[in-house]
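Student: Numbering (numbering that gives the first Met the number 0), first residue to last: 0 to 190. Yeah, the Cβ is synthetic: ideal placement off N, Cα and C, and Gly gets one too. Once you've had a glance at the structure underneath, I'll fire off some questions.
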Amino acid sequence: MLVEHVDVLVIGAGPSGSVAASIVKQAGFSVKMVEKSKFPRFVIGESLLPRCMEALDAAGFLPALRAQGFQEKFGAKFVKGNVVADFDFANKFTAGWSQTWQVPRADFDQVLADEVQRMGVPVEFETEVTSITFDGPDSTTRVTRPDGSAQEIRARFLIDASGYGRVLPRLFGLDRPSNLPGRKTLFAHFE
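Printed below as a string of structure tokens:
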């Protein structure tokens with residue numbers, strides 16, 4: 000079986016994984032990213048907040064994102080029952096961004112993954128993590144590729160950015176039921 004060695008393996012190619020992979024690469028470490036899905040893919044989470052702009056900037060993604068012409072967003076409205084809270088992002092108590100974007104996540108995530116690859120980070124899509132073992136400070140992650148073949152990736156560090164996929168909690172039996180109240184979300188896309 001093919002065994003690949005990297006300093007850092009990132010699981011998940013969404014925004015967190017792409018930002019992490021970029022920053023690790025810029026720091027001079029070898030990094031690889033694996034993603035279970037095929038991109039572009041549908042996912043909820045179009046509404047960014049200004050705080051994320053710092054991370055996107057540090058990762059070097061802002062020029063590529065600006066080129067997309069995403070809808071600029073300067074505030075938000077939160078509604079719970081009859082209570083309405085309007086937020087103008089320019090009214091803040093600390094330094095930071097006063098705007099962000101409203102993004103179609105499939106396009107947004109694709110741009111980030113493309114930028115990471117342009118930076119020289121190998122990204123494997125449709126690649127599922129099936130097991131992880133630890134040997135001292137290192138990890139060995141077994142993945143299944145789209146053609147069904149298996150590969151092992153040895154890494155000094157492992158970043159689980161799998162989001163709702165919860166790779167590490169699932170593989171190590173760490174999933175716990177939430178004691179938060181149940182929630183419902185409705186969404187729609189309009190043209």
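Which of helix, strand or coil does DSSP assign to G162?
Tutor: Numbered from 1 along the sequence shown, position 163 holds the residue referred to as residue 162. Helix, per DSSP.
Student: From V5, I152, A112 and P168, pick the residue whose C-alpha is nearest to that of F38; which is it?
Tutor: Here residue 38 refers to the residue found at position 39 when the sequence shown is read from its first residue. Residue A112 is the option with its Cα nearest to F38.
Student: I need the straight-line Cα distance from G164 to K79, nearest angstrom please.
Tutor: Here the question's residue 164 lines up with position 165 in the sequence shown. Here the question's residue 79 lines up with position 80 in the sequence shown. When rounded, the distance between both Cα atoms is 28 Å.
Student: Just list the residues that DSSP pairs M52 with in beta bridges.
Tutor: Position 53 of the sequence shown, counted from the start, is the residue given in the question as residue 52. Its beta-bridge partners do not exist; DSSP assigns none.
Student: Going by DSSP in three states, R169 sits in which element: helix, strand or coil?
Tutor: Working through the sequence shown from its first residue, we reach residue 169 at position 170. It is helical.
Student: Go through its chain and collect everything with a Cβ distance to S46's Cβ below 8 Å, but skip five positions before and after it.
Tutor: The count along the sequence shown starts at 1 and reaches residue 46 at position 47. Excluding positions up to five away in sequence, the list reads K72, A75 and Q101.
Student: Mind the definition here: the region 6-13 touches the region 148-168 only if three or more C-beta pairs lie below 8 Å; say whether that holds.
Tutor: In short, these stretches touch, since the Cβ pair count reaches three.
Student: So, at 6 Å on beta carbons, what are the nonlocal neighbours of F86 in its own chain, with the 5 sequence-adjacent residues on each side left out?
Tutor: Within the sequence shown, the letter at position 87 stands for residue 86. So the qualifying residues of the chain are G74 and A75.
Student: Is it the case that the CB of L167 approaches a heavy atom of the ligand ADP more closely than 6 Å?
Tutor: The ligand ADP is not among the ligands present in this structure, which contains no ligands whatsoever.
Student: Counting pairs of beta carbons, one from the region 113-129 and one from the region 15-26, are three or more of them closer than 8 Å?
Tutor: Yes: the two stretches touch, three or more of their Cβ pairs being nearer than 8 Å.
Student: Which same chain residues end up closer than 6 Å to F77 when comparing Cβ atoms and leaving out the 5 residues on each side of it in sequence?
Tutor: Looking up residue 77 in the sequence shown gives position 78. Correct list, in chain order: A84.
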